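Numbering (full-length UniProt numbering), first residue to last: 1 to 1052.
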Amino acid sequence: MGEQSSLSIQFTDEEIDILENDYDSLLYGLIHLDKPEEAQRRQFLLMAIQFYEEKIRNEKDSLQIAQYYIHIGHWHLLLEDFAKALSAYQAAYALETKLNHNSEFLFGLGIVYHHHGVDNHAIRAYQQVLYLDSQFIRRSDVHLRLGLIYKQLSDYSSSLKYFQRALNDSTSTCSLTRSELSYLIGFVYEQQGHLSEAENLYEKLLQPQDIVPAKLEGKILRQLGWLYFYGPISNNFNTENLNVERENQIKKAITTLEQACKCDPTCGITYYYLGRCYAALRKHTEAFYTYRNCVDKLDQNADIWCSIGVLYQHQNQTMDALQAFVCAIQIDNKHATAWMDLGILYETSGQAQDALFCYKKAILDKDESWNPELINRINQLQSCLAQIPEGAIGKQPRGPLPKVEEAFTLPIPVELTAKQQQIATSSTTTSLPSSSTANMSNQQYPTSSEATLVPPPPSSQPSILTSNIKPSIDVLRIDKRLLTNDQSIRPKRIKIEPTLSFTSNTSSNDLQKILKHSTSPLPPLPVSYLPDGHIPKLPQAPKTPAFDLNPTTPSVILETRREATSTQLQQYCLSQPICIVRGLANVLKLDLGLFSTKTLVESQPDHQIEVRTQRQQAIDENFDFTSMTTPLKNIWKYQSTRSHTTISKYAQYQAYSYHDMVKDELNETNISSINTNSGLTTNSNMIMTNGTSKKVSNKPSTNNSSISSIRTIKSGTNVDLSDERKWAAQLSELTKLPLFMRVVSAGNILSHVGYTIHGMNSVQLYMKVPGSRTPGHQENNNFCAININIGPGDCEWFAVSNEYWGIIYTLCEKNGVDFLTGSWWPILDDLYDAQVPVYRFIQKPGDLVFVNTGCVYWLQSIGWCNNISWNVGPLVYNQYYTAIERYEWNRLCSCKSIVPMVHLTWNIARNIRINDRHLFELIKFILHQSLKYIQLTLSYLEQQFGRGVDVRKQLRTLHEPAHYCITCDCEVFNILFITEIDRKHVVRCLDCALQYDKQLENVVVLYQYTLEDLKTVYDQFQLYLLPTLNTTTTITTTTTTTTTTTRSITNT
1 MGEQSSLSIQ
11 FTDEEIDILE
21 NDYDSLLYGL
31 IHLDKPEEAQ
41 RRQFLLMAIQ
51 FYEEKIRNEK
61 DSLQIAQYYI
71 HIGHWHLLLE
81 DFAKALSAYQ
91 AAYALETKLN
101 HNSEFLFGLG
111 IVYHHHGVDN
121 HAIRAYQQVL
131 YLDSQFIRRS
141 DVHLRLGLIY
151 KQLSDYSSSL
161 KYFQRALNDS
171 TSTCSLTRSE
181 LSYLIGFVYE
191 QQGHLSEAEN
201 LYEKLLQPQD
211 IVPAKLEGKI
221 LRQLGWLYFY
231 GPISNNFNTE
241 NLNVERENQI
251 KKAITTLEQA
261 CKCDPTCGIT
271 YYYLGRCYAA
281 LRKHTEAFYT
291 YRNCVDKLDQ
301 NADIWCSIGV
311 LYQHQNQTMD
321 ALQAFVCAIQ
331 IDNKHATAWM
341 DLGILYETSG
351 QAQDALFCYK
361 KAILDKDESW
371 NPELINRINQ
381 LQSCLAQIPE
391 GAIGKQPRGP
401 LPKVEEAFTL
411 PIPVELTAKQ
421 QQIATSSTTT
431 SLPSSSTANM
441 SNQQYPTSSE
451 ATLVPPPPSS
461 QPSILTSNIK
471 PSIDVLRIDK
481 RLLTNDQSIR
491 PKRIKIEPTL
501 SFTSNTSSND
511 LQKILKHSTS
521 PLPPLPVSYL
531 PDGHIPKLPQ
541 APKTPAFDLN
551 PTTPSVILET
561 RREATSTQLQ
571 QYCLSQPICI
581 VRGLANVLKL
591 DLGLFSTKTL
601 VESQPDHQIE
611 VRTQRQQAID
621 ENFDFTSMTT
631 PLKNIWKYQS
641 TRSHTTISKY
651 AQYQAYSYHD
661 MVKDELNETN
671 ISSINTNSGL
681 TTNSNMIMTN
691 GTSKKVSNKP
701 STNNSSISSI
711 RTIKSGTNVD
721 LSDERKWAAQ
731 LSELTKLPLF
741 MRVVSAGNIL
751 SHVGYTIHGM
761 NSVQLYMKVP
771 GSRTPGHQEN
781 NNFCAININI
791 GPGDCEWFAV
801 SNEYWGIIYT
811 LCEKNGVDFL
821 TGSWWPILDD
831 LYDAQVPVYR
841 FIQKPGDLVF
851 VNTGCVYWLQ
861 SIGWCNNISW
871 NVGPLVYNQY
881 YTAIERYEWN
891 RLCSCKSIVP
901 MVHLTWNIAR
911 NIRINDRHLF
921 ELIKFILHQS
931 LKYIQLTLSY
941 LEQQFGRGVD
951 VRKQLRTLHE
961 PAHYCITCDC
971 EVFNILFITE
981 IDRKHVVRCL
991 DCALQYDKQL
1001 ENVVVLYQYT
1011 LEDLKTVYDQ
1021 FQLYLLPTLN
1031 TTTTITTTTT
1041 TTTTTTRSIT
1051 NT
């Protein structure tokens, strides 16, 4: 930091106060210290950094050292020295102090991670900011940055959600204007294929009442013009008028794009779009002119050269077209459209071999759906060339164009030659729509960097302290109005709510007395329902490595009814990550035929069923069918499409697939020989035995043309059997099960929710053909699950214990899928490399699988079968704590918890007496936190709004579902904030209601329980002590039962 000694630098108390309280990450993006007028502040921060680095060397208290590092990190961030900011922040974080829960610190850390492209860490840091402080003063920027990251990751639904939250937040300062945010939302609409929504939004932004900067107006006009160009013709025109309407549409696009060029003459993409429009109208001169402008403004863009090649080809200038295509490919060797257009050029010139080479290059890394016609053309060319004798191919006359190998050695245009050095140093280029007129419906868009309105900060040179002359206090002070949209200065959030040391003996009156003295002008923060109040985090991997990565699956074989109803069976199931129970249907005389396809069709043929269309693959494979490369690659992301049908129609499909497989079995010899010749043997080649299909063999594909032969299957899922009138016989049969396995029982936590959660406290049925998959997942809120195979075929299961879910979460992130909401099929080798033991077993007809709390599992049917499943919640501490922990993790990740744990906990307190002290204290703590938040909310509304907000009574109705915030998806208990969207009333939480309308003028506030009612429930919920029994009798009974059960419990 220069030769000047830090000992000569001294700061007054007032200067230190300004440094530590004013100059932090909250100012990032709002002040720009690289400007000349900010030179004094810049030097002041450099002096402060040197001064605090010296203080760290003389400090021994870890908490104080962490605080110093955080300050230094903030100042480096404001100076845009991101590497040093990251170093300081990480040094603070490594000390693991309570300052790791500081919102300003996590916000700065997220910005630095985002700058360095470490997206997963940036997301986690931003999520923690919102989790700790939902009223964070820069929350709009947090939402904006999360939206930008998710857009870059192509997760457009998440991106749209966060952009909309930033736009709708009227009380927080954002780096972008509302018009800029709206533009980003329109861009995401385009990426999602919602073209009419994007067009309407762009046109609205251009209305006279909206003042839009010229450059932004140029971007909006550019996107709008491009929408006009390739968008579908909305009206129904006859064939004669269709071409006229298309021409008018292109002319409208040209007019719009010309306006965009006037607004921003420096944007090369606009000129590219304009050139495409001119080319479509066969105005070649104008097209060449605009492409020339585009080349000057966009260095090294393959799309431009590809489009120029198409123009030359239309004018029969084949050599010029060849060179243009070669230029495009030299810039981007994987440019599929350029390879395809080059292949078309060769084929029209009669050079089939060169054309075939180019076509094959075009389909590399492409899904077969990208251009099915091209794949068919490849097959046709291969067939034609195969009929020509080998010796005759080399003797064919030379074509008019040089061969492919020679084409890339020819001199290239001066425009490209001058910039060849940039190709080696530039790894990415701006992606533009493809130039092929044969693929107009599949146009691409500019990459996220083009649509990002928050430019990356300029890389500043290392800052050097040149003077120790400090500026005046008036120069140093920061105007706090920078941080808020309010005219009044809003203070930083300081946690002044009473800190309560919870004990289960605290009464509701004691709680009210403590809270009565809370007079915060700010709304209460959402409470944490975790007893220690920590931020939820991924569990660490077990310290002791697993000795067996393929452990034996726990299994119970039941021989008598007494064994099936014993407490030892429940204890055993709850002691294992997953357990398979065999013989249960026989000893309890369950009629599983009630769930067979035949019975279902006879009873409810028109009942709706969800269908998942997927590829039929071997159990340990999950090929990437978006890639045309060979051999096919195993990936984690699992792909399927959703549709709906009826039970009777799916039953017909099951029957047809069965008969098809029988034909395959009869023709097995012929099929094997065909596959040997083609080099492909897929999972569709199976032998049918007792309702189960068996693979003949399974080798990866070596031929692109054979990928389409891999069978597509349909799996029936989520058949809702909750209606007691329709499914009375089926539901009655399940009451024969042991109490802890039943859908409804007093000891099942989920029976106390008070309404139906489909598939959780109600039965769901699955109808399957061989190869039907249930992707990897944990159950909602980590509740236990029951799954019974109805048959006649088998299912193969994979399962991982709850303690390893953090490793699987990390592997999902690494492989680009969302653990909570994505669809994924783990690669076993990845799990074994991470030292994750995997249970693997076969579920036969009549077998019941008990999935314990938090177990991660996935399965695939081997034959034709039906399965039924539902969730259960044993009333034990481990289940309840794991459920509430996942509830908090979901809140951190902005993911909806299907089980409303707060609502459920109040119902548990009303309905059940608890004799387990640990479980009692956990439930009491959740009640305590909920009651505290309700009282703080009512107190805030009264103090800040008085009679301006009328809290109205609206009692809950029977079977009324729990309520969730329409904006953030968190559970809203008791105090509901009602707003109207599209003539529908929706619920918001307090924070989102204030962001929507800070005066709550257009918000109706309701309560569903009186405070006195909740206090009564809270006070009456006490630990229930079991009466003392005869010790001798108890021991004898237990011993006898244990002996009976133990001989039936085996490991297989």
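Even for Gly, the Cβ is constructed at its ideal location relative to N, Cα and C. Because the structure is a prediction, the values reported are computed rather than measured.
{"Query": "Burial state of C267, where buried means 16 or more other Cβ atoms lie within 10 Å", "Result": "buried"}
{"Query": "Boundaries of the beta strand (DSSP E) in which M319 is found, first to last residue", "Result": "Element bounds for M319: not the beta strand (DSSP E) but the alpha helix (DSSP H), T318 to I331."}
{"Query": "Straight-line Cα distance separating Y877 from I18", "Result": "49 Å"}
{"Query": "Burial state of A729 (16 or more Cβ within 10 Å)", "Result": "exposed"}
{"Query": "Sequence-distant residues of its chain with Cβ nearer than 8 Å to A214 (five each side left out)", "Result": "C263 and D264"}
{"Query": "Nearest-angstrom Cα separation, counted from A993 out to W858", "Result": "40 Å"}
{"Query": "Per-residue DSSP class, three states only, for I70", "Result": "helix"}
{"Query": "Range covered by the alpha helix (DSSP H) that runs through D1013", "Result": "L1011 to Q1020"}
{"Query": "Cα-Cα separation, Q604 to Q652", "Result": "14 Å"}
{"Query": "Strand pairing of D720, partner residues [DSSP]", "Result": "Q764"}
{"Query": "Same chain, Cβ closer than 8 Å to N761, five either side skipped, listed in chain order", "Result": "V743, V744, N748, L750, S751, V753, W870 and N871"}
{"Query": "Best match in E373, L176, D169 and L476 for proximity to E37 [C-alpha to C-alpha]", "Result": "L476"}
{"Query": "Residue burial classification, C384 (beta-carbon count within 10 angstroms, cutoff 16)", "Result": "exposed"}
{"Query": "Residues near Q259 by beta carbon distance below 6 Å, same chain, minus five either side", "Result": "L221"}
{"Query": "Cβ distance (whole Å) where G716 is taken to contact V849 below 8 Å", "Result": "Not confirmed; about 19 Å, so no contact."}
{"Query": "Where Y755 sits in the DSSP three-state scheme", "Result": "coil"}
{"Query": "Top-ranked residue by Cα proximity to Y940, from K924, L922, R917 and L990", "Result": "L990"}
{"Query": "Proximity of I304 and Y272 at Cβ, strictly below 8 Å", "Result": "yes"}
{"Query": "Length of the line joining the Cα atoms of Q944 and N782", "Result": "39 Å"}
{"Query": "Of the listed residues H758, F136 and V112, nearest to S722 (C-alpha basis)", "Result": "H758"}
{"Query": "C-beta atoms of L274 and S349 nearer than 8 Å", "Result": "no"}
{"Query": "Y230 - DSSP class collapsed to helix/strand/coil", "Result": "helix"}
{"Query": "Closest Cα partner of residue 1054 within the set D332, C306 and I331", "Result": "Residue 1054 is absent from the structure shown; the chain starts at 1 and stops at 1052."}
{"Query": "Status (buried if at least 16 other CB within 10 Å, exposed otherwise) for F547", "Result": "exposed"}
{"Query": "W75, DSSP secondary structure in three states", "Result": "helix"}
{"Query": "Through-space distance from G593 to A746, alpha-carbon basis", "Result": "28 Å"}
{"Query": "Segments of 4+ residues assigned as alpha helix (DSSP H) that fall wholly inside the segment 187-266", "Result": "195-205, 214-230 and 239-263"}
{"Query": "At least three beta-carbon pairs within less than 8 Å, the segment 792-799 to the segment 889-896", "Result": "no"}
{"Query": "6 Å Cβ shell around R840 - same chain, five flanking residues per side excluded", "Result": "F798"}
{"Query": "Other residues of its chain near I16: CB distance less than 6 Å, five sequence neighbours each side excluded", "Result": "none"}
{"Query": "Where H101 falls: helix, strand or coil (DSSP)", "Result": "helix"}
{"Query": "Inter-stretch contact at 8 Å, needing at least 3 Cβ pairs: the segment 136-149 / the segment 157-173", "Result": "yes"}
{"Query": "Cutoff 7 Å; reference V949; Cβ partners in own chain excluding five residues on either side", "Result": "L941, L1000 and V1005"}
{"Query": "Residue interval of the alpha helix (DSSP H) (run including I535)", "Result": "First-last for I535: undefined, no H or E at that position."}
{"Query": "Residues near G88 by beta carbon distance below 7 Å, same chain, minus five either side", "Result": "A quick correction: the sequence has Ala, not Gly, at residue 88. If we look at A88 and ignore the five residues flanking it on each side, its Cβ neighbours are Y69, I72, G73 and H76."}
{"Query": "K204 versus Q223 - alpha carbon distance", "Result": "13 Å"}
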